[in-house]
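Colleague:
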Amino acid sequence: MTKTISTILCTMAILTLVACANMGQPDGGWFDETPPSVIGSWPQDQATGVDARKINIFFDEYIKIDNPTEKVVISPPQLEAPEIKGAGRRIIVELNDSLQPNTTYTIDFSDAISDNNEGNPLGNYTYSFSTGGHIDTLEVAGYVVEAENLEPIKGILVGLYDNLSDTAFTTTPMLRVSRTDSRGHFAIKGVAPGEYRIYALQDMDANYTHSQKSEKLAFSHDIIVPSCKPDFRQDTIWADSLHIADIERVGYTHFLPDNIVLRAFTEIQTDRYLVKNERKEAEYLSMIFSYGHEELPQIEGLNFDADHGLLLETNLAQDTLNYWMSDTTLVNQDTLRMVVTYHATDTLGMLQPMTDTLEIVSKNPYNKRMKEQAKELEKWEKQQEKAKKKGNSYLTEMPPTPLNIKFGIPSDIHPASVIQIESPTPLALVDTTKIHLFLKNDTLWEEQPFTLIDKAVEDSIHNNQATRILRLRYGGEGQLWHTGTEYRLDVDSAAFTDIYGKASLTAKKPIVVKTDDDFANLTVHLENVGDATYVGELLDTSDKPLRTAFSDNGILRFEYIKPGDYYLRVFCDDNGNGKWDTGEYADDRQAEAVYYYPEKLECKAKWPLEKNWDPTAIETMRQKPSAIIKQKPDKEKKIKNQNAERARKLGIQYIPRR
Numbered sequence: 084m085t086k087t088i089s090t091i092l093c094t095m096a097i098l099t100l101v102a103c104a105n106m107g108q109p110d111g112g113w114f115d116e117t118p119p120s121v122i123g124s125w126p127q128d129q130a131t132g133v134d135a136r137k138i139n140i141f142f143d144e145y146i147k148i149d150n151p152t153e154k155v156v157i158s159p160p161q162l163e164a165p166e167i168k169g170a171g172r173r174i175i176v177e178l179n180d181s182l183q184p185n186t187t188y189t190i191d192f193s194d195a196i197s198d199n200n201e202g203n204p205l206g207n208y209t210y211s212f213s214t215g216g217h218i219d220t221l222e223v224a225g226y227v228v229e230a231e232n233l234e235p236i237k238g239i240l241v242g243l244y245d246n247l248s249d250t251a252f253t254t255t256p257m258l259r260v261s262r263t264d265s266r267g268h269f270a271i272k273g274v275a276p277g278e279y280r281i282y283a284l285q286d287m288d289a290n291y292t293h294s295q296k297s298e299k300l301a302f303s304h305d306i307i308v309p310s311c312k313p314d315f316r317q318d319t320i321w322a323d324s325l326h327i328a329d330i331e332r333v334g335y336t337h338f339l340p341d342n343i344v345l346r347a348f349t350e351i352q353t354d355r356y357l358v359k360n361e362r363k364e365a366e367y368l369s370m371i372f373s374y375g376h377e378e379l380p381q382i383e384g385l386n387f388d389a390d391h392g393l394l395l396e397t398n399l400a401q402d403t404l405n406y407w408m409s410d411t412t413l414v415n416q417d418t419l420r421m422v423v424t425y426h427a428t429d430t431l432g433m434l435q436p437m438t439d440t441l442e443i444v445s446k447n448p449y450n451k452r453m454k455e456q457a458k459e460l461e462k463w464e465k466q467q468e469k470a471k472k473k474g475n476s477y478l479t480e481m482p483p484t485p486l487n488i489k490f491g492i493p494s495d496i497h498p499a500s501v502i503q504i505e506s507p508t509p510l511a512l513v514d515t516t517k518i519h520l521f522l523k524n525d526t527l528w529e530e531q532p533f534t535l536i537d538k539a540v541e542d543s544i545h546n547n548q549a550t551r552i553l554r555l556r557y558g559g560e561g562q563l564w565h566t567g568t569e570y571r572l573d574v575d576s577a578a579f580t581d582i583y584g585k586a587s588l589t590a591k592k593p594i595v596v597k598t599d600d601d602f603a604n605l606t607v608h609l610e611n612v613g614d615a616t617y618v619g620e621l622l623d624t625s626d627k628p629l630r631t632a633f634s635d636n637g638i639l640r641f642e643y644i645k646p647g648d649y650y651l652r653v654f655c656d657d658n659g660n661g662k663w664d665t666g667e668y669a670d671d672r673q674a675e676a677v678y679y680y681p682e683k684l685e686c687k688a689k690w691p692l693e694k695n696w697d698p699t700a701i702e703t704m705r706q707k708p709s710a711i712i713k714q715k716p717d718k719e720k721k722i723k724n725q726n727a728e729r730a731r732k733l734g735i736q737y738i739p740r741r
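Okay, so the sequence shown: first residue is 84 according to our numbering, each after it adds one.
1) In terms of residue numbering, what span does the alpha helix (DSSP H) encompassing Phe-602 cover?
2) Which first and last residues belong to the beta strand (DSSP E) in which Trp-696 is found?
3) Would the segment 277-286 and the segment 175-182 be scored as touching if the rule is three or more Cβ pairs under 8 Å?
4) With H, G and I counted as helix, E and B as strand and the rest as coil, what does DSSP make of Val-155?
5) Kindly identify the DSSP beta-bridge partner or partners of Met-453.
6) Please confirm if the segment 656-675 is in contact with the segment 227-238, defined as three or more CB-CB distances below 8 Å between the two stretches.
7) Leaving aside the five residues before and after Pro-256 along the sequence, list all residues of the same chain whose C-beta is less than 6 Å from its C-beta, in chain order.
8) I'd like the span of the beta strand (DSSP E) that includes Arg-618, first residue to last.
9) Using the Cα positions of Asn-207 and Leu-684, report the straight-line distance between them to the nearest angstrom.
10) Which first and last residues belong to the beta strand (DSSP E) in which Val-414 is found?
11) Please state if the CB of Tyr-668 and the CB of Leu-300 are separated by a distance shorter than 8 Å.
12) Terminal residues of the continuous alpha helix (DSSP H) containing Ile-701?
13) If Ser-369 and Leu-404 are in contact, beta carbons under 8 Å, what's the gap, nearest whole angstrom?
14) Quick check: the Cα distance between Arg-554 and Arg-355, rounded to an integer number of angstroms?
15) If we ignore side chains and look at the alpha-carbon of each, how far apart do Lys-454 and Glu-461 end up?
16) For Leu-605 and Glu-642, what's the separation of their Cα atoms in angstroms?
17) Alpha carbon to alpha carbon, how far is Lys-715 from Thr-187? Give it in angstroms, no decimals.
18) In the DSSP assignment, what residue or residues form a beta bridge with Ala-347?
19) For Ala-251 and Ile-218, what's the separation of their Cα atoms in angstroms?
20) Does Glu-177 come out as helix, strand or coil in the three-state DSSP assignment?
21) I'd like to confirm the pairing. Which residues does DSSP put opposite Trp-528 in its beta bridges?
22) From Lys-585 to Arg-705, what does the alpha carbon distance come to, in whole angstroms?
23) For Pro-745, which of Thr-703, Tyr-145, Gly-238, Leu-357 has the nearest alpha-carbon?
24) Which residue's Cα is closest to the Cα of Thr-616: Ser-634, Arg-640, Leu-434?
25) Taking the beta strand (DSSP E) that Ile-544 falls in, what are its first and last residues?
26) Please report how far the alpha carbon of Pro-313 lies from the alpha carbon of Asn-203, in whole angstroms.
27) Can you check DSSP and say which residues form a bridge with Met-370?
28) Which same chain residues, not among the five before or five after Leu-588, have their C-beta less than 7 Å away from its C-beta?
29) Would DSSP call Thr-516 helix, strand or coil?
30) Determine the extent of the beta strand (DSSP E) in which Phe-252 is found, giving its start and end residues.
31) Contact between the segment 359-368 and the segment 513-529 is defined here as three or more beta-carbon pairs at a separation below 8 Å; is this criterion met?
32) Is Phe-212 near Arg-172, with beta carbons less than 8 Å apart?
33) With a threshold of 8 Å, are at least 3 pairs of Cβ atoms found where one atom belongs to the segment 256-266 and the other to the segment 189-196?
34) At the level of alpha carbons, what is the spacing between Asp-514 and Leu-527?
35) Hey, Ala-275 and Glu-222: beta-carbon distance below 8 Å or not?
36) Figure out for me which residue from Val-574, Tyr-210, Ile-711 has the closest Cα to the Cα of Ile-488.
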């Protein structure tokens, strides 16, 4: 009997355990938001006279450390990478560089440490010690943004030098360093009293020195003098995970300066070299350089005549060169061998003529193209045979492939718009007598004048230049499309012929210019800008420039705008070339200053919008509207989102623990 009772009790206990194991949380429960806490370390935090290179930091719970090689920053910077790892409830840091005497060391963990279960980050934790008799505790803080568009830069290195010479940045590792977070914010800790220069660097080779032209950088001529003062701030006292018990005014040490703003830029690449050559299509080959040069390459054909049959198409920067083959014999030749002479940078950084022998093979070879053409012909013949059997009309010869011309007519065309005409291959002939522009007057269509802005195609070919894109505008010089008017562009067959003899088909393209009342207009009066020339860029909601305007006596005008929401930025055009220019450290030249209008601009039809704006009135970090900032702060941890959802279901207010 006793044995039976024992068996029953054991069975019940097992069933109870199984049931408990499967219960879970039927309607959810609160998740722990408390980050791990440091309960001790060896050597002790802020200890002096330290000679140990191995540090142990202990926590009150199991922890994990995320991406320490990128997130954890040690000052002075370590040229030999330290070993950083989590082990249960502790973090072990082993420094491989020798310790410097009488020096304060800081290990800034940023948000790399979190608890093992919920992932709550400790946030902005810094451990420090000194090899000398005292420890330096001053701090310097601020932000790093892109000079071109004021975007916060995440993960860029920021460092101090007590050597105030301009050459220190390019010859000596940084003295104290930090790294920016997702807001572009940095805080350099463990700084000694004194005078410093500050720099930002996207350190490509991990030597804490600006040693490559491709490294993004920022510099300032301001002398940084760290200081501190007593101050007060409001601290939140929590009753529980959801409710605030009180807000207290608490004293703290305020370190200065804490509002430094560095505008980072990438210098123009001056090391010129041939990046690659390729022949994606049979009709042209490409040479791509690291940057352009006014003197174009010289080509000597080894198995073809390069002096005839090559037409050059370049981009604006002249770093991408496309050589079109007007001779079909070359098109059908799969391999082209040539000697190319071009300017490239030598080992001393000087541009010198360099000669390469190249063999460029078509990625679309002749045999493959012939097979594809044969398939198309066979398909067409079957279609015609089928039509013949049915007694329908049919052709005895396959018609030539037409030239597919594209007409870029904006849907919101305004009086100053131009129409872009694009051919897939270089043009050999444009017959303007076969292009007609009409204006609708009541029920009649009246022919109108037009202008092709680009130079004559025939002249381009004579100079071995390829032309694929033309621009058409209404009337002559200075004439504009009439608002509230309907036009039509009629193109006869064979108006355009390419270098392979393909001709365009007929086309009729409607052009409708809206009335004045359908457009919006924006005028911006720039204040406190003196005689400087500013260029304004009207931006869409993704920070993309749509229109450009040049200041006239401090006034920017954007006319005939499509109604909608816009943003605005301007830059000071120091050299008057009409475009934003980057900086150059060796020439002590900052990038041209950029400013954002801090609010959204709502442009409405029939309602001209006029604004007065002092670009320098608001500090840099408050200028760019948050709606168009792409580099957002790191998202809250999943745990906070879970608790917020739990609170929503219960109908109570949720206040995340900080």
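We put the beta carbon where it would ideally sit given N, CA and C, even for glycine.
Modeller: Reading it off the structure:
1) That residue, Phe-602, is in no alpha helix (DSSP H); it is neither H nor E in DSSP.
2) Going by DSSP, Trp-696 is part of the beta strand (DSSP E) stretching over 692-696.
3) They do not touch, by the three-pair rule.
4) Coil, per DSSP.
5) Met-453 is not bridged to any residue.
6) Under the Cβ criterion (8 Å, minimum of three pairs), the segment 656-675 counts as touching the segment 227-238.
7) Cβ within range, chain order: Pro-160, Tyr-291, Thr-292.
8) Correcting the residue identity first, residue 618 is Val in this sequence and not Arg. Taken as a continuous stretch (DSSP letters only), the beta strand (DSSP E) holding Val-618 covers 617-622.
9) If you take the alpha carbons of Asn-207 and Leu-684, they lie about 37 Å apart.
10) Element bounds for Val-414: not the beta strand (DSSP E) but the alpha helix (DSSP H), 411-414.
11) Yes, the pair counts as a contact, with Cβ atoms nearer than the cut-off.
12) Per DSSP, Ile-701 belongs to no alpha helix (DSSP H) and is neither H nor E.
13) Leu-404 and Ser-369 do touch by the CB rule: their CB atoms are close to 7 Å apart, below 8 Å.
14) In this structure, the straight-line span from the alpha carbon of Arg-554 to that of Arg-355 is close to 32 Å.
15) Linking Lys-454 to Glu-461 through their CA atoms gives a straight-line distance of about 11 Å.
16) Straight-line Cα distance between these residues: approximately 6 Å.
17) Whole-angstrom Cα-Cα distance: 33 Å.
18) Glu-229, per the DSSP bridge assignment.
19) Distance from the CA of Ala-251 to the CA of Ile-218, rounded to the nearest whole angstrom, comes to 25 Å.
20) If DSSP states are grouped into helix, strand and coil, Glu-177 belongs with the strands.
21) Note: Trp-528 sits in a beta bridge opposite Lys-523.
22) Going by C-alpha positions, Lys-585 is about 56 Å away from Arg-705.
23) An answer regarding residue 745 cannot be provided, because it is not within the stretch 84 to 741 covered by the chain.
24) For the options Ser-634, Arg-640, Leu-434, the alpha carbon positioned closest to that of Thr-616 is the one of Ser-634.
25) From DSSP, Ile-544 is part of no beta strand (DSSP E) but of the alpha helix (DSSP H) over 540-545.
26) Here the C-alpha atom of Pro-313 lies approximately 31 Å from the C-alpha atom of Asn-203.
27) DSSP output for Met-370 lists Asn-360, Leu-404 as bridge partner(s).
28) Result list for Leu-588: Pro-485, Ser-576, in chain order.
29) Collapsing the DSSP output to three states places Thr-516 in a helix.
30) Per DSSP, Phe-252 belongs to no beta strand (DSSP E); it is in the alpha helix (DSSP H), 251-254.
31) The answer is no - the segment 513-529 does not touch the segment 359-368, with fewer than three Cβ pairs under 8 Å.
32) Not in contact: Phe-212 and Arg-172 (Cβ atoms no closer than 8 Å).
33) Contact between the segment 256-266 and the segment 189-196 is present, because at least three Cβ pairs lie under 8 Å.
34) Within the model, the alpha-carbon separation for Asp-514 versus Leu-527 is close to 25 Å.
35) Taking 8 Å as the Cβ cut-off, Ala-275 and Glu-222 do not qualify as a contacting pair.
36) Distance check between Ile-488 and each of Val-574, Tyr-210, Ile-711 places Val-574 closest, using alpha-carbon atoms only.
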